[in-house]
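Working notes, structure below.
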Ligand code: PMP
Ligand code: GLN
């Protein structure tokens, strides 16, 4: 039934794996959502907005207080100056910002250069827009940007670079030198860059530098983020895009036909979070760092080769040698074997690759945005299980 523009896009792995966790009672270290909510005073703001009549359509670009708070956030943390009237748009999660940016900026036949592995909605939206993917692979175990590969992925048909740092699923935080290389390529080829920075505050040592702050980049960079990761409200789906007015306009041009406007009562609460709790995400990052170490040390002690992430809330392991044909088979068996759910990373790699050249085939992603006792219980279950596969 489904139309050709949706054909061949694999179903999102998150739904399948969370359903598997619910059905089996397994501990869900798959889909990335915290098991503790964000600040209670922010929740109270949302409740107040619901009670006090903030329940009708918000303005298309977002409630003014939130647009102002986003502009202040970019100024406070990064020294960027934004006009909240023309350079900020509120979206239904970063997911809608990604969709609207790609629909608003990519012509059929345009090429989009993006880091592989990539967040799954990028592939779906590029295909729906009629664009062509040009992946640049971050290779295990370090997942660094190969600047030569980036340069050779760019052609005269490239329209934009779709960047993501801190990077899901690898946890890479692009260094100043890597970002400089991206900016040089963008300026040289006069490209737009859409940069997904939803994990901007969740870094563990390596500082997150927004691409828009590099020389010559503000005018060609659209920056995306959301309240979900920074404030542990993934279910709120309040996101935003900011940057020069023409790029924000392109997002709005598409967004007005996708959702018209985003949920009104959560927007003043999101504004309050950004304005009144500016340090909350840093405290979250400090606590996540401890949980990252707990998970990574535990996975290593099980004999799994583990890449410690510099950002995000995901760690990567290589299951080569355990006797599984691939990570998908491993992750499908894991709930029954160990009562734990993780995410196979092959779904984040280009589906057009032939199977022999699948750099993500043996990689598995584990989320550590869970309470320490939950991570500990998952590690105990894994330690007590036989993780060897049918080929072992
Ligand atoms: N981009 C990346 C890299 C993500 O990991 C996620 C997952 N939350 C999103 C975008 C989507 O963000 P939101 O939930 O705000 O739509
Ligand atoms: N961003 C989260 C992850 O990577 C969840 C995304 C989703 O469920 N679509 O796990």
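Numbering (the working numbering), first residue to last: -15 to 376. Note that beta-carbon positions come from the ideal geometry of N, C-alpha and C, so glycine has one too.
Pull up the DSSP beta-bridge partners for residue 351, would you.
Paired residue(s): 298.
Do residue 176 and residue 134 have their CB atoms nearer than 8 Å?
Contact check for residue 176 against residue 134 fails: the beta carbons are separated by 8 Å or more.
Does the segment 235 to 243 touch the segment 289 to 305, meaning 3 or more C-beta pairs lie closer than 8 Å?
No, the segment 289 to 305 is not in contact with the segment 235 to 243.
On the DSSP bridge assignment, give the partners of residue 243 in chain order.
Residue pairing from DSSP leaves residue 243 without any beta-bridge partner.
CA-to-CA distance, residue 376 to residue 165, given in whole angstroms:
Rounded to the nearest angstrom, the two C-alpha atoms are 43 Å apart.
With distances taken from each beta carbon to the nearest heavy atom of the ligand PMP, which residues come in below 6 Å, in chain order?
The filter returns 77, 78, 79, 103, 148, 152, 180, 182, 210, 212, 218, 221 and 223, in chain order.
Inter-residue Cα distance where the pair is residue 363 and residue 278
Within the model, the alpha-carbon separation for residue 363 versus residue 278 is close to 9 Å.
Considering only the beta carbon of each residue, do residue 72 and residue 232 sit closer than 8 Å?
Yes. Within cutoff.
Helix or strand or just coil, what does DSSP make of residue 70?
It is coil, neither helix nor strand.
Under 7 Å Cβ to Cβ from residue 309, same chain only, skipping five residues before and after it: list those, please.
The residues are 375.
Give me the Cβ distance between residue 293 and residue 185, rounded to the nearest whole Å; I'm assuming they're in contact under 8 Å.
The pair is not a contact, with the Cβ atoms about 14 Å apart (cut-off 8 Å).
Alpha carbon of residue 182 to alpha carbon of residue 325, nearest angstrom
Spanning the two alpha carbons is a distance of roughly 23 Å.
For the beta strand (DSSP E) containing residue 6, list its first residue and its last residue.
From DSSP, residue 6 is part of no beta strand (DSSP E) but of the alpha helix (DSSP H) over -3 to 8.
Once you ignore the five residues that flank residue 111 on each side, which residues in its own chain have a CB closer than 7 Å to its CB?
If we look at residue 111 and ignore the five residues flanking it on each side, its Cβ neighbours are -11 and -7.
Other residues of its chain near residue 334: CB distance less than 7 Å, five sequence neighbours each side excluded:
100, 117 and 119.
Taking the continuous beta strand (DSSP E) assigned at residue 143, which residues delimit it?
Residue 143 -> beta strand (DSSP E) spans 142 to 148.
Cα separation between residue 22 and residue 215?
Taking the straight line joining both Cα atoms gives about 5 Å.
Measure the alpha-carbon distance for residue 302 versus residue 212 and round it to whole angstroms.
Distance between the alpha carbons of residue 302 and residue 212 is about 28 Å.
Given a cut-off of 8 Å, decide if residue 29 and residue 252 are closer than it, judged by their beta-carbon atoms.
Yes; because the gap between Cβ atoms is below 8 Å, this pair is in contact.
Quick one: using the 10 Å Cβ neighbour count with 16 as the cut-off for buried, is residue 39 buried or exposed?
Flag for residue 39 reads exposed.
Can you tell me whether DSSP reads residue 395 as helix, strand or coil?
Nothing can be reported for residue 395: it is not among the residues displayed for the chain, which extend from -15 to 376.
To which residues of the same chain is residue 203 closer than 7 Å at the C-beta, ignoring the five residues directly before and after it?
Short of 7 Å from the beta carbon of residue 203, and not among the five residues preceding or following it, lie these beta carbons of its own chain, in chain order: 228.
Beta-carbon separation (whole angstroms), residue 321 vs residue 259, contact threshold 8 Å
With a Cβ gap of about 47 Å, residue 321 and residue 259 do not count as contacting.
Measuring from the CB of residue 154, is there a heavy atom of the ligand GLN at a distance below 7 Å?
Remark: the shortest separation between the CB of residue 154 and any heavy atom of the ligand GLN does not fall under 7 Å.
With contact counted as at least three CB pairs below 8 Å, one residue from each stretch, are the segment 45 to 62 and the segment 74 to 94 in contact?
The answer is yes - the segment 74 to 94 touches the segment 45 to 62, with three or more Cβ pairs under 8 Å.
What does the Cβ neighbour count give for residue 140, buried or exposed, with the cut at 16 atoms within 10 Å?
It counts as exposed.
In whole angstroms, give me the CA-to-CA distance for residue 331 and residue 79.
So the alpha carbons of these two residues sit roughly 17 Å apart.
Assign residue 179 to buried or exposed, taking buried as 16 or more other Cβ atoms, counted over all protein chains shown, within 10 Å of its Cβ.
The residue in question, residue 179, is buried, as its Cβ has 16 or more Cβ neighbours within 10 Å.
Give me the Cα-Cα distance between residue 158 and residue 208, rounded to the nearest whole angstrom.
Between residue 158 and residue 208, the C-alpha separation is close to 16 Å.
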